Amino acid sequence: MTNKQDEFLVLNPIDIRTDIIQLKGRKYNEIYDLVKKIISHQFQRNIENGIKGFIFHGDVGTGKTTMAKALSKDLNLPLFFVDGIDIARSLYGQSERQIGTLFEIASLRKSIILIDDAESVFPKRDWIKGQSWHVAQNNVFFHKLDNVNTAKTSVILTTNRYDLMDKAVKDRLYSIMFDSLDIETLKEIAKIKCVELGIRSKEILEKLESKKEEYSSVRALEKLIRRKYIEAI
Ligand SMILES: Nc1ncnc2c1ncn2[C@@H]1O[C@H](COP(=O)(O)OP(=O)(O)OP(=O)(O)O)[C@@H](O)[C@H]1O
Ligand SMILES: [Mg+2]
Numbered sequence: 070m071t072n073k074q075d076e077f078l079v080l081n082p083i084d085i086r087t088d089i090i091q092l093k094g095r096k097y098n099e100i101y102d103l104v105k106k107i108i109s110h111q112f113q114r115n116i117e118n119g120i121k122g123f124i125f126h127g128d129v130g131t132g133k134t135t136m137a138k139a140l141s142k143d144l145n146l147p148l149f150f151v152d153g154i155d156i157a158r159s160l161y162g163q164s165e166r167q168i169g170t171l172f173e174i175a176s177l178r179k180s181i182i183l184i185d186d187a188e189s190v191f192p193k194r195d196w197i198k199g200q201s202w203h204v205a206q207n208n209v210f211f212h213k214l215d216n217v218n219t220a221k222t223s224v225i226l227t228t229n230r231y232d233l234m235d236k237a238v239k240d241r242l243y244s245i246m247f248d249s250l251d252i253e254t255l256k257e258i259a260k261i262k263c264v265e266l267g268i269r270s271k272e273i274l275e276k277l278e279s280k281k282e283e284y285s286s287v288r289a290l291e292k293l294i295r296r297k298y299i300e301a302i
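Residue numbers for the sequence shown, in my numbering: 70 to 302.
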């Protein structure tokens, strides 16, 4: 069951459907193993002042959000899921309070905090052009982040606009770049998704091969599969 605690969606590991076995690509899995190793090391060895968290950055559909969910499931840790766009849309003063509360609630137990599409929450200063509430919000975040107990909390930010993110955020977290998936990995993903939907993969794999450019992201691939699925119903 998922529940909302003071504006935050808390995903329980048992309810997360993303499974590590479904994740494809050598490089992607290497990143996964590294992040998992760091978080479990800090949580198990009670390292209170270790790595505060990560920025997963890369193009649309490179599996950044998916990885955060898979980690939470695999490590059996609740995931505090914050939609960056939601927070950025909050009224003046609201988002600072929300961020403050988020860290307090999350710190009550071992957990992962995911701030998805974080560039809208922590934009770099010359981009926000004097919106003082953004600065205030960032300051609350930095304060909370600097005080995170890394034996209990790990923070993951995702973004496809790394260029727009505040340097002070980048300095505090460990940045990891997600590459676009190669064609073989995309094919593997296509096969899994076709099996899930009970449709034949032959035509889709052919299209992938012949139009590599067009289907270079999982998002484009998903669109194609959805179309085929609807046609097959
Ligand atoms: N390495 C992978 N193996 C299997 N599936 C993947 C992989 N990477 C991405 N996917 C699939 O691609 C889709 C998009 O992934 P996801 O939403 O995590 O991307 P994202 O990087 O967060 O994109 P955005 O920047 O748009 O938020 C999901 O259905 C996910 O399961
Ligand atoms: Mg995402």
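Glycine residues also receive a C-beta, built at the ideal position from the N, C-alpha and C atoms.
This one's a predicted model, so the numbers in the text were calculated from it and none came from an experiment.
With a threshold of 7 angstroms, establish whether the CB of residue i neighbours any heavy atom of ligand 1.
| i | result |
| --- | --- |
| Leu140 | no |
| Phe247 | yes |
| Tyr284 | no |
| Glu99 | no |
| Lys93 | yes |
Is residue i near residue j, with beta carbons less than 8 angstroms apart?
| i | j | result |
| --- | --- | --- |
| Thr227 | Ala137 | yes |
| Gln111 | Ile120 | yes |
| Phe149 | Phe77 | yes |
| Leu214 | Arg241 | yes |
| Ile294 | Lys271 | no |
Alpha carbon to alpha carbon, what distance is there between residue j and residue i?
| i | j | result |
| --- | --- | --- |
| Pro192 | Asn81 | 29 angstroms |
| Ser141 | Ile174 | 17 angstroms |
| Lys256 | Phe247 | 18 angstroms |
| Tyr243 | Lys260 | 33 angstroms |
| Glu275 | Asn207 | 47 angstroms |
| Lys221 | Tyr97 | 25 angstroms |
| Ile116 | Thr219 | 6 angstroms |
| Asn229 | Arg86 | 23 angstroms |
| Glu291 | Arg95 | 21 angstroms |
| Gly169 | Ser286 | 35 angstroms |
Does the Cβ of residue i lie closer than 7 angstroms to at least one heavy atom of ligand 2?
| i | result |
| --- | --- |
| Asp185 | yes |
| Thr227 | yes |
Please identify the residue among the options whose C-alpha is closest to the C-alpha of residue i.
| i | options | result |
| --- | --- | --- |
| Asp155 | Gln167, Asn145, Leu148 | Gln167 |
| Glu300 | Asp232, Glu291, Ile268 | Ile268 |
| Ser83 | Leu146, Phe150, Ser279, Leu177 | One point to set straight first is that residue 83 is Ile, not Ser, in the sequence displayed. Selected option, being the one with the closest Cα: Leu146. |
| Gly130 | Arg296, Asp235, Ala289 | Ala289 |
Does any heavy atom of ligand 4 sit closer than 7 angstroms to the C-beta of residue i?
| i | result |
| --- | --- |
| Lys133 | Ligands present in the displayed structure are limited to ligand 1 and ligand 2, and ligand 4 is not among them. |
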